[in-house]
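Visitor: Could you have a look at this structure, given as structure tokens, before my questions?
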Amino acid sequence: MDFFSSTRILEYVASKREKFTNDVSEIPAPSPVLPDMIMAPGSSAAQNTIMNKFAIFSLGGVISFVISVLIGLTAVYLSWSCNSALQYDLGLKVFFAILAYIFGLLYIIFYIIMRWDTCSYIKKNAYY
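If you read the sequence shown in UniProt numbering, its first letter stands for residue 1, the second for the next number, and so on.
This is the structure we're talking about:
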């Protein structure tokens, strides 16, 4: 989810146009196909268009992927440690850890709002 949303934000920012207008007769129409010298050797324009749609192959996509994995792993750690303190069964801890990884940023927000005080109190008093 985090990677999907960050990829969409990256595409939106990259496609944002300037707000001024030009006379249409002054500007030549852009060609729909990339020039041959820009394309990878041995590939067609359709393949390059498909590859450009996947943002993970760009530097921004890689950075977005790494950040989303770090957010997911942080959410898994918070979920696992709090559920261990609350003495949940192993199956429930695994289930909630998977959900925490998928919805990483949402889980971290949920944890701060709903579980921070409960889990920190239990961890401080060492009831587990």
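By construction, the Cβ of each residue, glycine as well, lies at the ideal position given by its N, Cα and C atoms. Remember, it's a predicted structure, so these values are computed and weren't measured experimentally.
1. With a Cβ-Cβ cutoff of 9 Å, do residue 123 and residue 81 count as a contact?
2. Could you give the first and the last residue of the continuous alpha helix (DSSP H) run that contains residue 8?
3. Secondary structure at residue 129, three-state DSSP: helix, strand or coil?
4. In the structure shown, what three-state DSSP assignment does residue 86 receive?
5. Is the number of C-beta pairs between the region 69-78 and the region 95-110 that are closer than 8 Å three or more?
6. What residue does the alpha helix (DSSP H) around residue 111 start on, and which one ends it?
7. For residue 93, which residues from the same chain have a beta carbon less than 8 Å from its beta carbon, with the 5 sequence-adjacent residues on both sides left out?
8. Could you tell me the alpha carbon to alpha carbon distance between residue 67 and residue 14, rounded to whole angstroms?
9. State the Cα-Cα distance for the pair residue 88 and residue 95, rounded to the nearest angstrom.
10. Rounded to whole angstroms, what is the Cα-Cα separation between residue 120 and residue 97?
11. So what's residue 68 in DSSP terms, helix, strand or just coil?
Guide: In short:
1. Residue 123 sits at position 123 when you count from the first residue of the sequence shown. Residue 81 sits at position 81 when you count from the first residue of the sequence shown. Cβ atoms of residue 123 and residue 81: closer than 9 Å.
2. Against the sequence shown, residue 8 aligns to sequence position 8. Looking at the DSSP string, the run of the alpha helix (DSSP H) that includes residue 8 is 2-15.
3. This structure cannot settle anything about residue 129, because the visible part of the chain is limited to 1 through 128.
4. Residue mapping note: residue 86 aligns to position 86 of the sequence shown, counting from 1. The answer is coil: DSSP assigns residue 86 none of H, G, I, E or B.
5. yes
6. Locating residue 111 in the sequence shown gives position 111, counting from the first residue. Here residue 111 belongs to no alpha helix (DSSP H), and DSSP marks it neither H nor E.
7. Here residue 93 refers to the residue found at position 93 of the sequence shown. Closer than 8 Å at the Cβ level, and outside the excluded window around residue 93, lie 79, 80, 83 and 84.
8. Working through the sequence shown from its first residue, we reach residue 67 at position 67. Working through the sequence shown from its first residue, we reach residue 14 at position 14. Taking the straight line from one Cα to the other gives about 19 Å.
9. For the purposes of this step, residue 88 is taken as the residue at position 88 of the sequence shown. For the purposes of this step, residue 95 is taken as the residue at position 95 of the sequence shown. Using only the alpha carbons, I get a separation of about 11 Å.
10. Against the sequence shown, residue 120 aligns to sequence position 120. Against the sequence shown, residue 97 aligns to sequence position 97. In a straight line, the C-alpha of residue 120 is about 18 Å away from that of residue 97.
11. Numbered from 1 along the sequence shown, position 68 holds the residue referred to as residue 68. Note: residue 68 maps to helix in three-state DSSP.
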